[in-house]
Each structure stands twice: as C-alpha cells, then as structure tokens.
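**Q** Quick one: this structure, given as structure tokens, is what I'll be asking you about.
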Amino acid sequence: MTVRHPAGPQPGAGSPGSKVSQRREDYFPIHPRTILPGTAGLFDLYLKRGDWFVLYAKKGEHFTIEPKLKDLLDVSEFYIRVDQRFDYETYLARNLGNMLLNDQLPMEERSKLFYQISSGMLKQSFASKLPRGLDDKTYQAMQLLVKRGIALLSKEESLKSLSEFLSHKYHTYSHSLNVMVLTISVLQSLSGMDQTTLFEAGLGAALHDIGKTQIPDEVINKSGPLNQAEWEMMKTHPVRALGICASMPISHVATNAILFHHERFDGAGYPGGIGGEGIPVYARVLSLCDVYDALTSERPYAKALAPYKALSIMQEDMKGAFDPALFKRLVYVLGNARIV
Ligand SMILES: [Fe+2]
Ligand SMILES: [Fe+2]
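Reading the sequence shown from the start, the letters are residues 1288 to 1627 in my numbering.
Below is the structure:
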C-alpha cells in the first residue's frame, strides 16, 4: 500500500459505499509509534483533522510509512474504530517483541503495551483452570512473556514506568505478572546472573502460583482466616503446580523456583522446610518478591499496604523469613525505580 496523505476532511472516504463515522465514541486513540512500518494492518487507521475523522490507511495493506516518518511525527494520535479493537490488539501481540525494543517508542508506551498484552494472556491462562495441565500453546505464550519481560526490564527506567501500570488488586494472574517483573528486576541487578537462569527463574515466577488454579475459589477468595483443612489445601499449591507443568519440558531451575517459593530462610517454610543457601538464590528472590507483591496488593482479607510499610513488615514482623542480603537488594531495586 501507499499511505495516503489526508487531503482534508473526507467524510465519505473508506471502502466503496461506506462512510467514515464522525462519532467520537466510535474510535479510540493509539500512539503512532505502535504502527510499525512494513507490517500489514489488520484494521483501518484514521487521523483526526480538525473535527473530522479521516481514513489514513486501509485494513489489509502494508504500512509503508517509513519515508513519511517525519510527517508522521507531526501526528500525535491515530484512531482505530472500536469494532476493530480486537484486531488492533492481535496486531500488537504479534509485533510486541519489536515494539519493546523500539527506542523511538516512549518507555511509558512500551510498558503499557507489555502490561496490557501480558496481563490479558495470563488472565486467559489462569481462568482456563488447565484441566489437562499446561498445554503447549500456553507454555509457549508464557515463555514469550518472560523473554519480552527480560528485554523490556533490561532498559533503564523500565521498572519505574512499568510499575505505574501493575495492578494492585489481587488476582492470581496479575500477582503472577507483578512477581515475575520484580523477580526479573532483582535477579538482573545481581552480578554474575546468567541469562539462562534469569529466563528459567522468570518462567518459574510467572508460573509460581499456577497450582492455585486447582484450589477452590472459595478458599482462594475467602475473606476471613483459613481453617486448618483449607490451610493444608492451600499449602499444596507449589506441589500441584509441578503436576500441572508435568507434560512440559520445564527445567529444574523453573521447577525449583516454583517448588521453593514458600520456603523460608530460617527453614520454617513449606513444602520442604529447607533453609539458608539450601534454597537456590533465584527461589529466595522469588519468595521475597512474592510476599512484597501480596502485601502491596488489595486482597479479600486485607488492604493494600504502601511499599515502605510492606518492607518494614517483612523486615520486622517476618524476621528470619528472608535472606537479609537479598532483602537489601529488593529495597535497592525498588528505591532505584522510585517505588519506595
Ligand atoms: Fe504461592
Ligand atoms: Fe504468590
């Protein structure tokens, strides 16, 4: 396709016989940099000129906007019709990898895209309850999510920017995303962390609570304290996760991360009661990030705490639970991102 220049108001433009709607509620704005040159559009693209919505590029054509980039930069927003929102989101999901690495796209926009697409994917995966265990498609999507998370978080200021979007209302899927983001950030800050371990531990973090999909919602969402039987059931979720992942070629690093995320540094955790350096470093980091995110999220039985309050509870009231050196590292990473 050749991208047209809007010559002015063209209320009748579009496919033959169709009219361009001029109702504001029929459109939503998008950042122009999310339209990548050379990709094919799954949707029509509109501009606003004065009070008019004008068709700029038609669905099915290749965006060849590169030569016109300068011209494009004068455009602060493109518009997409509400009925093509799904097609736009599909386009984003396909091209997200490139967008996250595109330094031309503001970090805020990259973070927003990463968050929208990742949380949508995790929500779908966790809602399916995975009756036959983790399937190929979900596993691949999880791997892609972790790779993209690592790519985005390797950029300066990304955690700060991303933290603005992370949800603090507790759901297993949003908690899993938050914990994955934090775990990757803390591990990336440790010297000598190799890329394979980082990736596998990130995957473990994304999947760490997947065992909760097998625990009844009444127990997960109970507003009061759990009774003994419910508590015993809840404590099975790290082991259940391994059953759910059994048919996938999951590495021992990811397995350990999942299995040991409720172990405590003083050995009083579960399921194994192992302690100290017997718990792999990435699982110690995951356990810190897990508790920090739970405390700073609004749960059925507790209000969300401010970051500094959550950290002070972890340090004072939960003495012995965490590796003190890694706790300091978490504080440093959060401070660097200006979260605390
Ligand atoms: Fe857990
Ligand atoms: Fe968790």
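The C-beta atom is built at its ideal place from N, Cα and C for all residues, glycine as well.
Excluding five sequence neighbours on each side, which residues of the same chain lie with their C-beta closer than 8 Å to the C-beta of Y1333?
**A** Once the five neighbours on either side are set aside, the close Cβ partners of Y1333 are V1307, Y1314, F1340, V1341, L1342, Y1343, F1365, Y1366, I1367, R1368.
**Q** If we require 4 or more residues per run, which alpha helix (DSSP H) segments fall completely within the stretch 1499-1570?
**A** Listed in chain order, they are 1504-1507, 1515-1521, 1524-1531, 1539-1546.
**Q** Which whole-angstrom value describes the C-beta separation of G1563 and F1552, a residue pair presumed to lie in contact below a C-beta threshold of 8 Å?
**A** The Cβ separation is near 6 Å, so the contact holds.
**Q** What does a CB cutoff of less than 6 Å around N1543 pick up in its chain, not counting 5 residues either side in sequence?
**A** Taken in chain order, the residues that qualify are P1567, A1570.
**Q** Within 10 Å of its beta-carbon, does A1488 have 16 or more other beta-carbons around it, so buried, or fewer, so exposed?
**A** So A1488 ends up on the buried side.
**Q** By DSSP, does F1365 sit in helix, in strand, or in coil?
**A** Here F1365 sits in strand by DSSP.
**Q** So within the stretch 1456-1504, which uninterrupted alpha helix (DSSP H) runs reach at least 4 residues, ignoring any that extend past its ends?
**A** Listed in chain order, they are 1459-1476, 1482-1494.
**Q** Would you mind giving the Cβ-Cβ distance between I1437 and I1404, rounded to the nearest angstrom? I have them listed as a contact below 8 Å.
**A** Not quite, the Cβ-Cβ distance comes to about 15 Å (not below 8 Å), so this is no contact.
**Q** Return yes when at least one heavy atom of ligand 1 lies under 7 Å from the C-beta of D1580, else no.
**A** Because no heavy atom of ligand 1 lies under 7 Å away, the Cβ of D1580 does not count as near it: no.
**Q** Of the residues L1494, Y1378, P1319, L1477, which one's Cα is nearest the Cα of R1616?
**A** It is L1477.
**Q** Take the Cβ of R1372 as the centre, count every other Cβ of all protein chains shown within 10 Å, and call the residue buried at 16 or more, exposed below.
**A** Classification for R1372: exposed.
**Q** Grab the span of the alpha helix (DSSP H) containing K1447 for me, first residue to last.
**A** Looking at the DSSP string, the run of the alpha helix (DSSP H) that includes K1447 is 1445-1450.
**Q** When you compare each of A1492, I1531, D1338 to S1415 by their alpha carbons, which one comes out closest?
**A** Minimum Cα distance to S1415 is reached at I1531.
**Q** Going straight from the alpha carbon of I1561 to that of A1492, what length do you get?
**A** Those two C-alpha atoms are separated by around 19 Å.
**Q** Could you name the residues whose beta carbon sits closer than 5 Å to any heavy atom belonging to ligand 2, keeping them in chain order?
**A** Working through the chain, the matches are D1496, D1577.
**Q** Within the chosen definition, does the stretch 1479-1486 reach the stretch 1505-1524 through at least 3 CB pairs nearer than 8 Å?
**A** At 8 Å Cβ cutoff, the stretches do not touch.
**Q** Per the contact definition of three or more C-beta pairs closer than 8 Å, is the stretch 1419-1438 in contact with the stretch 1591-1603?
**A** They do not touch, by the three-pair rule.
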